[in-house]
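Encoded as C-alpha cells, the structure appears first; notes follow it.
2 protein chains.
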Amino acid sequence: MQELLTIGELSARSGVAPSALRYYEKLGLIWATRTGGNQRRYERATLRRVAFIRIAAQVGVPLEEIGAALADLPAGRTPTRADWARLSRAWRGRLDEQIALMQRLRDQLDGCIGCGCLSLKTCGLYNRNDELAAQGSGPVRLLRRG
Amino acid sequence: MQELLTIGELSARSGVAPSALRYYEKLGLIWATRTGGNQRRYERATLRRVAFIRIAAQVGVPLEEIGAALADLPAGRTPTRADWARLSRAWRGRLDEQIALMQRLRDQLDGCIGCGCLSLKTCGLYNRNDELAAQGSGPVRLLRRG
DNA sequence: CTGCTAGTTGAAGTTAACTTCAACTAGCAG
DNA sequence: CTGCTAGTTGAAGTTAACTTCAACTAGCAG
Numbered sequence: 027m028q029e030l031l032t033i034g035e036l037s038a039r040s041g042v043a044p045s046a047l048r049y050y051e052k053l054g055l056i057w058a059t060r061t062g063g064n065q066r067r068y069e070r071a072t073l074r075r076v077a078f079i080r081i082a083a084q085v086g087v088p089l090e091e092i093g094a095a096l097a098d099l100p101a102g103r104t105p106t107r108a109d110w111a112r113l114s115r116a117w118r119g120r121l122d123e124q125i126a127l128m129q130r131l132r133d134q135l136d137g138c139i140g141c142g143c144l145s146l147k148t149c150g151l152y153n154r155n156d157e158l159a160a161q162g163s164g165p166v167r168l169l170r171r172g
Numbered sequence: 027m028q029e030l031l032t033i034g035e036l037s038a039r040s041g042v043a044p045s046a047l048r049y050y051e052k053l054g055l056i057w058a059t060r061t062g063g064n065q066r067r068y069e070r071a072t073l074r075r076v077a078f079i080r081i082a083a084q085v086g087v088p089l090e091e092i093g094a095a096l097a098d099l100p101a102g103r104t105p106t107r108a109d110w111a112r113l114s115r116a117w118r119g120r121l122d123e124q125i126a127l128m129q130r131l132r133d134q135l136d137g138c139i140g141c142g143c144l145s146l147k148t149c150g151l152y153n154r155n156d157e158l159a160a161q162g163s164g165p166v167r168l169l170r171r172g
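For the record, the sequence lines run as chains Z and W. FYI, the numbering for the first sequence is 27 to 172, going by our numbering. FYI, the numbering for the second sequence is 27 to 172, going by our numbering.
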C-alpha cells in the first residue's frame, strides 16, 4: 500500500519540473523520504499537495504564503478530505475578493478610461489603486489582497 | 498652456517613484523633453499614460505588452478621448477573460478540492491548468491569456 | 551668488520562482 | 556486472520590475 513515487514520476504526474519540486522542498512546501542511495521518494499524498501549490500559485499567491497555509494541515497524519476542505475555504474567500476587484476594475475601465477622464486626481479607478498601493504593490499584491 | 511637469511632480501626482518613471522611459513607455540643464519635463498627457500603465500592470499585463499597446496610440498628436477608448476596449476583453477564468477556478476549487478529489489525473481543475501551462506558466501568464 | 533640494547617469543590487550546469552516483534491464 | 537513464548537490544564471548607490549638476528661494 506504500507505493512511493520517484521525483521523475511526481514530475510527470504533476506537470511540475523536477527542479521546481526540489525548490519547493527547499522552501519546505513538500518533502520526501530517501532511499539508501539518497534518492527522493514521495508519498502519493504529495501529488495532492503539489496540485494545491500550483493552483494557488497560478492565482498569484506567493509560495511563502502557500507554505504558511499548508503548515496548517495536520502534521502527524496524511490530510483527510475534511482537512483539504477546511484549507480551501480560505482560498475561496480570497478568490471571491480577487474576482470582485477585477470586476470593479473592468467596470471602471469602461466608465473611466472609456470616457477619457483618466486624470489621476479625480479618477476613482486610479485612486482605488493608490489605496491598494499603500498595502504593497504590483499585480501580485493586487491579487493577493483583493 | 504648455505647463510641463518635473519628474518629482509626475511622481507625486501618479504615485509612481521617480526611479520607476525613469525605468518606464528606458522601456519606451513614456518620454520627456529636456531642459537646458538636461532635466526631464513631462507633458500633462503623460499622467494619463502613466495611469494606464499602472492599471494594466496591476492586472498582470507585462510592461512589454503594455508598451506594445501604447505604441498603437497616435504618434504625432496627444491622444484624444476616442484614442483611449479604443485602447481600453481591448483591455476590457482581456479583463473579461481573466474574470471568467478566475470564476471557473473558484467554482472548481469548491467542487474539487472541497470534495477531496484533487488527484491530478482526474481533476478537471488541475487539467485545465495543464493546458494553461502549455501556453506559458505562472500566475502572470494565467492572467495574461485568460 | 549662496546654499539646499531636486535632478542626472550608469552600474549594481533586490525578490520571486525557477532553470541550468558540472561533476558525480543510483537503480535497473539485459 | 555492464551500461544507460534517472537521480544528487551546490553554485550560478535568468526574468521582470524596480530600487539603491555614488558622484555629480540644475534650479530656485532669499
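By construction, the Cβ of each residue, glycine as well, lies at the ideal position given by its N, Cα and C atoms.
Asked	Found
Examine chain W for any beta-carbon lying closer than 8 Å to the beta-carbon of Leu146 of chain Z, and answer yes or no.	At Leu146 of chain Z the pLDDT is 43, less than 50, meaning the model places this residue with poor confidence; the figure from the coordinates comes in the next sentence. True, the Cβ-Cβ gap to chain W drops below 8 Å.
Helix, strand or coil for Arg48 of chain W? Go by DSSP, reduced to three states.	helix
What separation, rounded to the nearest whole angstrom, lies between the Cα atoms of Pro100 of chain W and Asp109 of chain W?	8 Å
Take the Cβ of Ser45 of chain W as the centre, count every other Cβ of all protein chains shown within 10 Å, and call the residue buried at 16 or more, exposed below.	exposed
Check whether the region 67-83 of chain W touches the region 73-86 of chain Z, counting contact only when three or more Cβ pairs, one atom from each stretch, lie closer than 8 Å.	no
Got a sec? Which residues, its chain only, sit under 7 Å from Ser37 of chain Z by beta carbon, not counting five neighbours each side?	Ala43, Pro44 and Leu47
Whole angstroms are fine: how far does the CA of Pro88 of chain W sit from the CA of Ala97 of chain W?	14 Å
In whole angstroms, what separates the C-alpha of Gly62 of chain Z from that of Ile33 of chain Z?	15 Å
For chain Z, find out if any of its Cβ atoms is closer than 8 Å to the Cβ of Arg118 of chain W; answer yes or no.	yes
In chain order, what residues of the same chain lie with their CB nearer than 8 Å to the CB of Tyr49 of chain Z, ignoring the 5 residues before and after it?	none
Only counting the same chain, and skipping five residues up and downstream in sequence, which positions put a Cβ closer than 7 Å to that of Trp57 of chain Z?	Glu51
Output the distance between the C-alpha atoms of Arg70 of chain W and Glu29 of chain W, rounded to the nearest integer angstrom.	7 Å
Could you have a look at Leu55 of chain W and say whether DSSP puts it in helix, strand or coil?	coil
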